[in-house]
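This report concerns only the one structure given below.
Residue numbers (our numbering): 339 to 509.
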(Lines of atoms letter the chains of each structure in order from A; the text may use other names.)
(Lines give C-alpha, C1' and ligand atoms only; values in the text may rest on other atoms or scores of the structure.)
Protein backbone atom coordinates (compact mmCIF):
# COMPACT_ATOMS: atom_id res chain seq x y z
CA UNK A 339 0.00 0.00 0.00
CA UNK A 340 1.48 3.30 -1.14
CA UNK A 341 -0.06 6.10 0.96
CA UNK A 342 1.70 9.28 -0.13
CA UNK A 343 1.12 12.51 -1.99
CA UNK A 344 0.60 12.22 -5.74
CA UNK A 345 4.11 13.10 -6.95
CA UNK A 346 5.70 10.66 -4.49
CA UNK A 347 3.27 7.91 -5.49
CA UNK A 348 4.09 8.49 -9.17
CA UNK A 349 7.82 8.28 -8.41
CA UNK A 350 7.41 5.06 -6.43
CA UNK A 351 4.96 3.27 -8.71
CA UNK A 352 5.97 2.83 -12.34
CA UNK A 353 3.30 3.83 -14.81
CA UNK A 354 1.26 5.87 -12.33
CA UNK A 355 0.61 9.37 -13.66
CA UNK A 356 1.76 12.31 -11.55
CA UNK A 357 -1.42 14.30 -10.90
CA UNK A 358 0.55 17.46 -10.21
CA UNK A 359 0.09 19.41 -7.04
CA UNK A 360 -0.47 22.82 -5.54
CA UNK A 361 1.64 24.29 -2.76
CA UNK A 362 0.41 25.93 0.42
CA UNK A 363 1.88 27.53 3.50
CA UNK A 364 0.91 27.86 7.14
CA UNK A 365 1.92 31.11 8.83
CA UNK A 366 1.95 30.98 12.63
CA UNK A 367 1.71 33.85 15.11
CA UNK A 368 1.73 34.06 18.90
CA UNK A 369 -0.83 36.53 20.25
CA UNK A 370 -1.28 37.79 23.81
CA UNK A 371 -4.96 37.00 23.45
CA UNK A 372 -6.98 35.29 20.73
CA UNK A 373 -8.65 37.65 18.24
CA UNK A 374 -11.98 35.84 18.74
CA UNK A 375 -13.46 33.51 21.33
CA UNK A 376 -14.07 29.84 20.68
CA UNK A 377 -12.75 27.12 18.43
CA UNK A 378 -13.47 27.47 14.73
CA UNK A 379 -11.94 27.12 11.30
CA UNK A 380 -12.67 30.43 9.56
CA UNK A 381 -12.76 30.67 5.78
CA UNK A 382 -11.97 33.94 4.01
CA UNK A 383 -15.12 34.62 2.03
CA UNK A 384 -13.86 38.00 0.85
CA UNK A 385 -10.91 36.75 -1.21
CA UNK A 386 -9.03 40.00 -0.66
CA UNK A 387 -5.73 38.68 0.64
CA UNK A 388 -3.47 35.69 0.88
CA UNK A 389 -5.29 33.99 3.78
CA UNK A 390 -7.51 31.12 2.64
CA UNK A 391 -8.51 30.03 6.13
CA UNK A 392 -7.35 30.50 9.70
CA UNK A 393 -7.86 29.08 13.16
CA UNK A 394 -6.66 29.33 16.73
CA UNK A 395 -5.31 25.88 17.64
CA UNK A 396 -4.89 26.88 21.30
CA UNK A 397 -8.68 27.26 21.49
CA UNK A 398 -8.72 23.46 21.20
CA UNK A 399 -5.65 22.67 23.31
CA UNK A 400 -3.50 25.25 25.10
CA UNK A 401 -0.41 23.06 24.63
CA UNK A 402 -0.50 23.64 20.86
CA UNK A 403 0.99 27.10 21.30
CA UNK A 404 3.62 28.94 23.28
CA UNK A 405 2.99 29.09 27.04
CA UNK A 406 0.54 31.87 27.92
CA UNK A 407 -0.14 32.80 24.30
CA UNK A 408 -2.76 32.12 21.66
CA UNK A 409 -1.48 30.39 18.54
CA UNK A 410 -2.98 31.89 15.38
CA UNK A 411 -2.55 29.76 12.25
CA UNK A 412 -3.24 31.07 8.74
CA UNK A 413 -3.29 28.86 5.64
CA UNK A 414 -2.23 30.37 2.33
CA UNK A 415 -2.76 28.71 -1.05
CA UNK A 416 0.03 28.86 -3.64
CA UNK A 417 2.63 31.07 -1.92
CA UNK A 418 5.36 30.20 -4.47
CA UNK A 419 6.20 33.73 -5.56
CA UNK A 420 6.48 35.32 -2.10
CA UNK A 421 9.29 34.96 0.45
CA UNK A 422 8.55 34.13 4.09
CA UNK A 423 8.94 37.70 5.39
CA UNK A 424 6.74 39.21 2.67
CA UNK A 425 4.15 36.45 3.16
CA UNK A 426 4.06 37.00 6.92
CA UNK A 427 3.65 40.75 6.37
CA UNK A 428 0.81 40.22 3.88
CA UNK A 429 -0.99 37.84 6.23
CA UNK A 430 -0.56 40.30 9.10
CA UNK A 431 -2.02 43.13 6.95
CA UNK A 432 -5.06 41.02 6.16
CA UNK A 433 -5.55 40.15 9.84
CA UNK A 434 -5.12 43.84 10.75
CA UNK A 435 -8.06 44.63 8.46
CA UNK A 436 -10.18 42.20 10.44
CA UNK A 437 -8.89 42.70 13.98
CA UNK A 438 -7.25 46.12 14.08
CA UNK A 439 -4.11 47.14 15.94
CA UNK A 440 -3.92 44.12 18.26
CA UNK A 441 -2.32 42.29 15.32
CA UNK A 442 0.73 44.57 15.53
CA UNK A 443 1.64 42.87 18.81
CA UNK A 444 1.53 39.38 17.34
CA UNK A 445 4.88 37.63 17.07
CA UNK A 446 5.58 35.71 13.88
CA UNK A 447 6.72 32.24 14.97
CA UNK A 448 7.38 30.53 11.66
CA UNK A 449 6.12 29.76 8.19
CA UNK A 450 5.82 26.16 7.04
CA UNK A 451 5.72 25.57 3.30
CA UNK A 452 4.09 22.43 1.94
CA UNK A 453 5.20 21.76 -1.63
CA UNK A 454 2.53 19.15 -2.38
CA UNK A 455 -0.32 20.31 -0.16
CA UNK A 456 -3.08 19.23 -2.52
CA UNK A 457 -3.33 17.50 -5.86
CA UNK A 458 -3.96 19.74 -8.81
CA UNK A 459 -7.64 19.59 -9.63
CA UNK A 460 -7.72 22.20 -12.33
CA UNK A 461 -10.21 20.87 -14.89
CA UNK A 462 -9.82 18.37 -16.44
CA UNK A 463 -7.05 17.19 -14.08
CA UNK A 464 -9.44 15.02 -12.08
CA UNK A 465 -11.96 13.69 -14.55
CA UNK A 466 -13.55 11.26 -12.08
CA UNK A 467 -13.97 11.92 -8.39
CA UNK A 468 -12.63 8.45 -7.53
CA UNK A 469 -9.57 6.91 -9.15
CA UNK A 470 -8.80 3.20 -8.70
CA UNK A 471 -6.78 2.24 -5.63
CA UNK A 472 -5.78 -1.23 -6.91
CA UNK A 473 -2.98 -0.54 -9.37
CA UNK A 474 -1.82 -4.11 -9.88
CA UNK A 475 -1.67 -7.47 -8.18
CA UNK A 476 -0.82 -6.75 -4.55
CA UNK A 477 -0.23 -3.04 -5.27
CA UNK A 478 -2.54 -0.36 -3.89
CA UNK A 479 -2.28 3.43 -3.88
CA UNK A 480 -4.25 5.85 -1.75
CA UNK A 481 -4.23 9.55 -0.95
CA UNK A 482 -6.25 12.62 -1.82
CA UNK A 483 -4.91 12.34 -5.39
CA UNK A 484 -7.06 9.18 -5.77
CA UNK A 485 -10.25 10.97 -4.71
CA UNK A 486 -10.60 14.72 -4.06
CA UNK A 487 -8.21 17.33 -2.72
CA UNK A 488 -9.15 17.20 0.95
CA UNK A 489 -8.58 15.33 4.17
CA UNK A 490 -11.91 13.63 3.47
CA UNK A 491 -10.64 12.54 0.03
CA UNK A 492 -7.47 11.10 1.56
CA UNK A 493 -9.47 9.23 4.20
CA UNK A 494 -12.02 7.96 1.66
CA UNK A 495 -9.32 6.61 -0.65
CA UNK A 496 -7.54 5.05 2.33
CA UNK A 497 -10.73 3.30 3.32
CA UNK A 498 -11.30 2.11 -0.25
CA UNK A 499 -7.73 0.80 -0.34
CA UNK A 500 -8.16 -1.01 3.00
CA UNK A 501 -11.44 -2.56 1.88
CA UNK A 502 -9.89 -3.63 -1.43
CA UNK A 503 -6.85 -5.17 0.30
CA UNK A 504 -9.12 -7.03 2.74
CA UNK A 505 -11.30 -8.34 -0.09
CA UNK A 506 -8.25 -9.43 -2.11
CA UNK A 507 -6.72 -11.21 0.89
CA UNK A 508 -10.01 -13.01 1.58
CA UNK A 509 -9.87 -14.68 -1.86
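Glycine residues also receive a C-beta, built at the ideal position from the N, C-alpha and C atoms.
Leaving aside the five residues before and after residue i along the sequence, list all residues of the same chain whose C-beta is less than 7 Å from its C-beta, in chain order.
i, result
"residue 341", "480, 481, 496"
"residue 287", "Since the first residue shown for the chain is 339 and the last is 509, residue 287 is missing from the structure and cannot be characterised."
List the whole-angstrom C-beta distance separating residue i from residue j, where the pair is believed to meet the contact cut-off of C-beta under 8 Å.
i, j, result
"residue 348", "residue 355", "6 Å"
"residue 392", "residue 410", "7 Å"
"residue 503", "residue 351", "Actually they are not in contact, since the Cβ atoms of residue 503 and residue 351 sit about 15 Å apart, beyond 8 Å."
"residue 412", "residue 398", "The Cβ separation is near 16 Å, so there is no contact."
Mapping the DSSP letters down to three states, classify residue i as helix, strand or coil.
i, result
"residue 345", "helix"
"residue 358", "coil"
"residue 473", "strand"
"residue 451", "strand"
"residue 459", "coil"
"residue 419", "coil"
"residue 430", "helix"
"residue 377", "coil"
"residue 441", "helix"
"residue 411", "strand"
"residue 492", "helix"
"residue 503", "helix"
"residue 400", "helix"
Output the distance between the C-alpha atoms of residue i and residue j, rounded to the nearest integer angstrom.
i, j, result
"residue 458", "residue 362", "12 Å"
"residue 343", "residue 474", "19 Å"
"residue 408", "residue 484", "36 Å"
"residue 365", "residue 507", "44 Å"
"residue 424", "residue 446", "12 Å"
"residue 456", "residue 449", "18 Å"
"residue 489", "residue 396", "21 Å"
"residue 454", "residue 359", "5 Å"
"residue 382", "residue 505", "42 Å"
"residue 380", "residue 470", "33 Å"
"residue 353", "residue 429", "40 Å"
"residue 439", "residue 400", "24 Å"
Comparing C-alpha positions only, which one of the options sits nearest to residue i?
i, options, result
"residue 415", "444, 487, 477, 441", "487"
"residue 476", "499, 461, 396", "499"
"residue 385", "433, 418, 402", "433"
"residue 404", "371, 375, 426, 452", "371"
"residue 494", "422, 468, 401, 390", "468"
Excluding the 5 residues flanking residue i on each side, which residues of the same chain have their C-beta closer than 6 Å to its C-beta?
i, result
"residue 444", "367, 369"
"residue 437", "373"
Take residue i and list the residues in its own chain whose beta-carbon comes closer than 8 Å to its own, dropping the five residues that flank it on each side.
i, result
"residue 522", "Here the chain comprises residues numbered 339 to 509, so residue 522 is not present and cannot be evaluated."
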